[in-house]
Every structure is written in structure tokens, then in C-alpha cells.
Amino acid sequence: MADETKHGSFTEDVRKYSNQKRYSAEEVASGDDTSTRKGKGIFCSPLMIFFTTVTVCILIAAAALMTYYIPIALEPTPTKAPIEDPTIPLMRGRLPTTVVPRLYQLTLRPFLYDDDVADSKLGKRFTFDGQVTVRVECIEPTDEITLHSKSITLHKSPIVRSVSTLDKTTDIFESLKTVEEYAFMVIKLKEMMNPHQEYSIDMEYSGILGDDEAGFYPSMYLDPSNNTRYIATTQMEGPYARRVLPCFDEPSFKATYEVHLEHRNDMSALANGLELETVKINDRWSKTKFTTVYFMPTYLLAFIVHDYSNISVTNDNGCLIRIWCPSHQIEYAPYALNVSNLVQTYFDTYLDYQYPLAKQDHIAIQDFGAGAMENWGLITYQDKYLLYELESVRETFYSLIITHELAHMWFGDLVTMEWWNDLWLNEGFATYMEHIGMDLVHPEFRTPETFYTDTITRGLSSDSLGTLHAVRAPVFANDEHISSQFSRISYQKGGSLLWMLEHLLTLDVFNAGVKNYLKERAYKNANAEYLWRQLTAADKGKGDNDIKKIMDTWTLQRGYPLITLTRSTDGKEIVATQKIFLQLDATLEKEEFGNLGYKWWVPLTYMYASGRPNQYDDPLRFWLDPSDEKTTFQLPSSTPADDWYLANVKMTGYYRVNYDEINWNRLMAQAELDTEAFSEENKLGLLYDSENLAKAEVISMDIYKSFAKSFENKTLETRRALLRTSSYFDKMLAGRSHDIKRRSLGNHSPVKAYMKQLADPLYMESGWDEHFVPDLPSGKHGNSQFDITATACRYGHDHCVSKSTTLFKEYMGDPQHNTIPKNFRKIVYCNGIRFGGDSEWNFANGMLQTSGDTWERSRWISALTCSVDHSRLQRYLQSMFDPSFSRNDAALMLVGVAENPDGYEVAWDFVRNNWEEVRRMFKRNHQMLSDVLEEITSHFKTNEQLQELLDFGKDSDLGSLKTAYESAVVSTKVNIRWVANKAADMERWIASRVQ
């Protein structure tokens, strides 16, 4: 039961975090009206004095009663949902806003080991006991309190008492009911609650430490003696906090938290706040108390009971930064500590808002399907995304993951979306901020210059299928629909739109608006309207753009435009038209937020051949109005009639561009003559746009082929882009007349020879670079480093394959001494198995079974997926259900076989035949399953494969994978059309290019 005497000081503490201006009595007394009367005196009759005295006494008494009965509002009432009628489907399952939480006082005790069970109220291992007092405020008169609760056992009825009245002891609880469909706990009261009064709800309960990595759950690891150790950790985003405590489990119900964790004496505890003290309860249990954390949503709540060690630093702004992991892995933590310190300190200044908590923990969790989670003050990571085991740290993208999560401390934690339909405010901003943090830590990566290829192209590719949701689409209150929002739309498209806005407004104006947005909404919730308002204000007197008007067209409807430009015969003007770009022509149904006609306010940038020298940095600009069928704009009068022109300068816009035939020919001629006339970003844009427009049958494939020929032996980035775009042809032409198995060293397929030819100069420059890091994280952030060594080996580069297999055989001959550089073990192991036989497979399997090293085990798990033997791969995938493999192990196995060009069919058969088991195993990692489905079906190109896919969708419960499945169907249809219409011609062209 909570200590009611603490509430007075609690209110005072809260005041420090309020942005409302408060005036002291001295400030009020010093106002102008009183100062101007100083010294003049006022005559008062005795009667006036009497009445004045009485009036003042009455006012004082009234004020005292109001202070007693009406508590200070801790935070503005959460914004109500846009539709208040609960009969409307969109609002079903949403909490009423008649009562809102102000404070949670929470105590938990997890039972991780057999000898803990004696103290468990459920008498079972992997359970927890809890006690919570929720202090709520009544907003509208009601005799019900509705919270979320799931898989929680109450040990007695809740106790509900008034906090604001004189009677603080009477329990007004009457009855309790649950609504399973929405995970509601509805508390019926004996009397009506009064507005602006506060009440406390006391509950004692127990719950399950689940096995699905959601809510409060156990994670295990092996210590150096091969003993299994357990920790208890959390993942609340989902929403899953309702599994841990009865609560108001929606983002808009921000509240304050006072947390106590009880744990074994030989373990420790972490939470969002800093540890204040740990006291011993008895000879088995201790209790750790944490500092209060203010105004946080339930999905960011985090606590961990552990036996880890840490390294730490206090940054220049006085924040304690710690990296936590098992003691035997602490040597791998310094890189993460350095990155965290640099980026967090820099963001304090860059965003002009200092990180408000006293500490920032980063902790490695072995069993963590989410990859990483931005809990305020306690960021959790799958261990491989935080701990850096390789010998070289000069080139690594591990810092990208850390930067993304740190950006959330401002975008998501300090300022939280009102509802999941504005998830992009969290994930889009974190994606956008990645390049800023990365450029600080690793300027050699030039991440601002690669934003187009790393982020925008990924969004454009997925968003052209016509299957994904709008950025701000309606979201229903169920787990699957909420999970489906964690997609490339919220991440890559959201980040790309912010990138476009930055270049529209200028960096200074954009940053000014963002800083004001953070200051206005700090400790509160926000929707996109708040951001639009602040950006519009920052642009006043400069560009005077109406940001809401512009961005509603980009966020409230799906897709993006294809801009078609046609130059007049006299060359003096250009006519621009727009329509939604789709890989397959389709009629999109009307969006629930309103169909805006699939037209956009487009900030078109353009330049021309003989323009001024700085036009890439300061291009010409013109608006495309969605209400116009076509827009005409003038080229400068001095523009020669035979000049080429180029739109989407430096590829900062989220759209594709098509030109009239004459201009395409002039651009191709310029590329053939001198590619340096184009910026690096526009070279890549010409490649990606022409390939995608040709796939959609908007233009001829000859245009892409011309650019591919011109850019083939030019810059590093264009070579990489050619390898990426040409990988599509490799998949589509595989299995045709000349194609043979990839494992053969004598592979003479034209497309394989072409791919090897593209890879060769890159391989000669940087293959087997001792500083290169191939063991890179992937996942929800969607970014990966280009690995030329693995690419060259994949396409059968003789030297790459020979070196890999030689190193592998040397290791087989002396398995006690592994001389293979850690940076290249993954490549060597994979190709040793791909180009090997039974002995190599058996050796690798034996190493997997005996390896006690986390990283080596992961490498062997991935390497075994590289086999070209279908029967081996089938048996290997079936073994992933064995208890000896963790869920993360199983994910590596399934993803690896799906990505194997010789294994995707095996993965497809396995997924189809074991769908329910696979779905159940990865039900909390829907993005991984989406990636697997996308990878498998990226090879599909026949009507038979399409029918298999359609049958799978008809017979399977897809849940949150429905959108990924629909995207796979569209992609397969596009592939079938491409093979029918373009494969033969492309195969002939490729053969002509092979030297």
C-alpha cells in the first residue's frame, strides 16, 4: 500500500518539470498597476474596512478548501481520440478518457531460479509478484475506472480510495469485470467520482515471465564455465506493459513512476531512473529503489534484474552513461561507450535541449527479438547490436543502431506520439537523426551524401507497390495492427520526408522549428500538427510555406508521385504533370483519413546543363500544385534550346522523375561524354529511377542500360549501385538457358560473369580489407554496409573463393588455432561450406555444437545456411525447433537460408509446411518474418510460384504479415511481367557487356 504522506512532496517535484509560467507573490506585487500608485495613499472608511476584511477571510477560506480538495493538475489531459463514438470501429478497444493516471508506485519481484519458488505467490518459477498503487485523476463524472490488464492474477480485490477528500480511508470499490477482447479491467465503484479529484487504486497481483520476449520475461546466457544464467528483462512496446501491471497502456496516458525492484541478494536491478539505494530484506532478497521518472508512457517503462557488470563515463553535461553486459564480455563494451558518450553529448547541443535524466544505461540482452528498444534511461539491445567483438573499429555501422536509439530520447521519450498513427514522429525522426550522429562518429562514411541510397531508395521501393499504409494511417487498438506500423513507411519514408523538409526550408529553419517543437511538447504528447505549426512559424518571413498544407498530401495518403516533365518545342518552358507511381497499375481504395486525389504539393528542384556553377547546391525551385492537372514553368531565357535539364537535384525529394524522350537522350549522351557533369547523388538517381521506371514499363529498359554502361567504371558509389540494381537481373535470369549452380568455380553464365565483372574492380580495391567489418547488424533500422568481399565470393570470383576455401581447410587441419581474422570469419566459414562437401559440413556442425563463444556460435549458425545441398538445408531448418537453439538462433537459420540463392526454395517449402510453428515462434518479431517473406519471393518469377503464394495466403492466418504478403504478391506479378517482356533482351545485352 502506498504512503499517502508522500504526495505533497511529489506535487512539488512535479512543478519543476512543468513548462507553465508560475509567478511568486513578490512578482505579482511588483506589477505596473501597483507601482504607479506608490506613495499616494488610499482613504478607507471603517465600514469599507469591515467588509473588505470579511471578504478577504472568505476568499482565504475558499482558497484553502480549493487547495485541499482540488489537487494541482500534473499534466494537461491527454488529447482525446479523433473520433469519440465508440461504435465506430477505429475507436473500439481504446480507453475512455474520463479517468487518467498521474502516478504509478510499483514494486515487483521476479522468480528466476528453482530456489526462488518458495517465495512465489503462484508457487512457480518464471513468475513475478507485484504491488502497484495507481493514482488517477477524474476528468469527467463516472463510477467506472477502465485500465488494461492481461495475463495478470489479482490476489484480492482492488482498493479504491479518494485522495482529495477528507475521507481517505473508505474503500469505494464495488466490483470488477474484464473484457478479454480489449484486455480491459473495468473497476465498478460504489459512488460517482468527481472531476478534478484524485483517487488511488491499490492492487496486489502476480504474473508470468513469458517465453515470447514481450512484457516481463527471462533471458538466459552462458557464463565462461558453461553454466546457464538468467536475467529478467522487459519489452513493453507493443503494447505489452499490460502484462506487467494493470495500467493505462496507451501512449497518450503519460504518468510519473516510482519503482522498487526486489531481487535475489546475488543479483542487482536497473530501471528507467537511477538507483537510489539497495536494502537487504532478508537472507535471500534485497530491494532497490530508483529515482522518480516523470511523464512517461507505459511502453517506455523498463526494469531489469541481472548479474551483469558495467563500464561507465560521466559526460560533459553530468549524465552518467553505462554499458552493461555479462562480466566475461565487458572487454567488448568500450566502443559502444565511446559512441554513446559522443552522440548523446552532441545531441544535447544540436537539439538545444539537454537530456533530462541523471543516467543513460545501454544493456545487452541475448534473447531480444526487437533488436533495440529506446526505453527512457535504459536502452535495451540484442547483444550483437551493442557489444563490439571485432579487432577493428575504424569502419562499423554499429554506431548507427546506438545513434538511432539515442535520438529517441528526444523523439519518442521526451515528446511522445499521441497514438500509433503518428509512430513516424518517433521512428522517422530517429532514422533522420542517424546520419547526423553517424557523421559525428564516422565522418569517413559520408552519411549525409549516402542518405539517398541508404534511406530514400528503400522507402521508394516498398512504397511503389500500393500495399503499404500511409504515414499517418488510422491504427486500430490491437496488437497486430499496431505491430504492422513498424515498417519502412514509419522508418524510411518518415525519415525521407523530414530530409525533404530540411532541404525545402533550409537546415537552419528546419532545426529552429524542430527545437521549438521539442520545447513546446517536452514531457507531453504530440501529433504531426504540432510539428507543422512550429515549422511554419520558423519559416515565417523566409519561405512562408504552409507546412500543414504541404505535408498533409505526403502523410495522409499512400505512395508518392511520378513527375513527368516535357519541354516545349521552342525549349523555353517545361510542362510538369504528376500521378501516383505504382509498379502495377491499380486503383487504390479511398483512405480513411480522406483520399486527396493522389496528388501532392511537390517542391520540385531543377537545373540545366549551362546553368550557374553552384546550381547543385542552390537549384531552381518550383511548386507543383495538387489542384492543377499540369504546371508550366519557364527556363531562364538564356538557356540554350539543346540543353539537357535535370530535376530532383541531389535526390532530396521523395518522388521519381520521367522526362520527354529528347531530354532522356540528352542526359544519356551527357553521361556517355562526361559523368562528372552530374552530382554523385544524381548519378545514382538516374540509375535507380531509370531501372524502376523501366520495371514499371513507363520507359524503355534501354535508358537504364545506357546509364549502366556509362557509370560502370566510374565512382565507388556508382559501382555499388550497379551491383545492387543488377542483382535483380541475376535473380530474374537465374534458371534460364545458360545458368548453372552458383557453387561451381567454372560458372560461365552471362549474368554471373557480368556480376563478377562489376564486382572485380571493387574487390581489387578493397577486398579482404583488414579494416572492413562484415558482421553487421540489420533489422528495423534497415541500413547495412556494402560488403564487396562477400559479394565477390557470391558471384564466384576465383581469387575470393580460392582464398576462402584455403583458409577454411587450414582451420580444419588445426581447429585449436584459428588464424582467420575475425573480420572475415563469417565469409570464410560460409564459402568453405558453400564450395565444400560432407567433411566441411560435418566440421562446421561440430564447431557449432562445441563453441561456447557467442559470436563464433552465431557465425557457424549462419555459415551452415550457405550450403547448396537442399537435403542438408531441409534438415537444418527442421532442427531450429530443437530446444538447444534459441529464438535468435532460429532467426539466423531461417533468414540465412532465405537469403541463400540456392536455398530460398527450401526456405519457402519450410515456411509453408510449418507456418503455424514458425508464426508462433516469431510472433513478436514480425519484421524478421516480413524480411524472410520478401527475400524468398524476390526470386519468384513464374505463374506457378505466384499460385503457390496465393494458395499460401488463402490457407494461412497471416496476422500482422498481411501487408508483407500483399507486397510479395505484387512483386511477384511485376517479376513475371518483366521476365515475359524484358528478360530475353536484357540477357542479350548482358552477354554483349561481358568482356
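When we follow the UniProt record's numbering, the leftmost residue of the sequence shown carries the number 1, and every step to the right adds one.
Heads up, the beta-carbon is just placed ideally off N, CA and C, and yes, glycines get one too.
### Message
Relative to the C-alpha of Y608, which candidate in N648, K630, E629 has its C-alpha closest?
### Response
N648
### Query
How is R488 classed by DSSP in three states: helix, strand or coil?
coil
#### Entry: Boundaries of the alpha helix (DSSP H) in which L400 is found, first to last residue
398 to 407
### Task
Give, in chain order, every unbroken run of the alpha helix (DSSP H) that is at least 4 residues long and sits entirely within the stretch 527 to 557.
528 to 538, 547 to 555
### Query
Among residues of its own chain, excluding the 5 on either side of D422, which ones have a beta-carbon nearer than 8 Å to its beta-carbon?
R472, A526, N527, A528
### Task
Could you check if V179 is buried or exposed, using at least 16 other CB atoms within 10 Å of its CB as the buried criterion?
exposed
### Task
Out of N194, I187, T806, A669, state which residue places its alpha-carbon closest to the alpha-carbon of S164.
N194
### Task
Give me the Cα-Cα distance between L505 and T631, rounded to the nearest whole angstrom.
22 Å
### Task
Give the straight-line distance between the Cα atoms of A537 and M203, rounded to the nearest whole angstrom.
47 Å
### Task
Determine the contact status of A302 and T380, defining contact as a CB-CB distance below 8 Å.
yes
#### Entry: Through-space distance from R533 to P626, alpha-carbon basis
21 Å
### Query
By DSSP, does W419 sit in helix, in strand, or in coil?
coil
### Query
How far does the beta strand (DSSP E) with S309 in it reach, from first residue to last?
309 to 314
### Task
Classify P750 as helix, strand or coil using the three-state DSSP reduction.
helix
### Query
Bridge partners of Y811, per DSSP?
Answer by DSSP bridge pairing: none, since Y811 is not bridged.
### Query
My guess is that S710 and T675 are in contact by the Cβ rule of under 8 Å, so how many angstroms apart are they, rounded?
6 Å
### Query
Between the Cα of G852 and the Cα atoms of K168, L342, L468, S225, which residue gives the shortest distance?
S225
### Message
Rounding to the nearest angstrom, what Cα-Cα distance links Q995 and V895 in this structure?
### Response
34 Å
### Message
Out of R857, G903, T854, which one is the CA nearest neighbour of L877?
### Response
G903
### Query
Relative to the C-alpha of T291, which residue among A232, W376, A241, S252 is closest?
W376
### Task
May I ask which residues mark the beginning and end of the alpha helix (DSSP H) holding G685?
680 to 695
### Task
Note the first and the last residue of the continuous beta strand (DSSP E) segment covering V134.
127 to 138
#### Entry: Same chain only: Cβ atoms within 6 Å of F622, ignoring 5 sequence neighbours per side
L604, F633
### Task
Kindly give me the distance between the Cβ atoms of I990 and F729, rounded to whole angstroms, as I take these residues to be in contact under 8 Å.
7 Å
### Query
Residue ranges of each beta strand (DSSP E) run of no fewer than 3 residues wholly in the stretch 633 to 685, ordered along the chain?
645 to 647, 656 to 659
#### Entry: At least 3 beta-carbon pairs within less than 8 Å: the stretch 975 to 993 vs the stretch 700 to 710
yes
### Message
Can you find the residues in the same chain that come closer than 6 Å, C-beta to C-beta, to V825, ignoring five residues on each side of it along the sequence?
### Response
The residue asked about is misnamed: residue 825 is Arg in this sequence, not Val. Cβ neighbours of R825 beyond the five flanking positions: R859.
### Message
Suppose the cutoff is 6 Å on Cβ atoms and the five residues either side in sequence are ignored; what does the same chain contact list for T142 look like?
### Response
T98, M193
### Query
For R229, which of helix, strand or coil comes out of DSSP?
strand
### Task
Tell whether a beta-carbon distance below 8 Å holds between W410 and L351.
yes
### Message
Do T146 and G130 count as a contact pair if the criterion is CB distance below 8 Å?
### Response
no
### From S151, V134, L154, Y182, residue whose alpha carbon lies closest to that of R161
V134
### Task
Alpha carbon to alpha carbon, how far is K756 from H738? Give it in angstroms, no decimals.
Unreliable positioning characterises H738 in this predicted model, as indicated by a pLDDT of 39, which lies under 50. The coordinate reading is nonetheless provided below. Taking the straight line joining both Cα atoms gives about 16 Å.
### Query
What are the start and end residues of the beta strand (DSSP E) that includes G437?
No beta strand (DSSP E) holds G437; the alpha helix (DSSP H) holding it covers 424 to 441.
### Query
Is it right to say Q344 is buried, meaning 16 or more other beta carbons lie within 10 angstroms of its own, or is it exposed?
buried
### Query
Is DSSP giving A792 helix, strand or coil here?
helix
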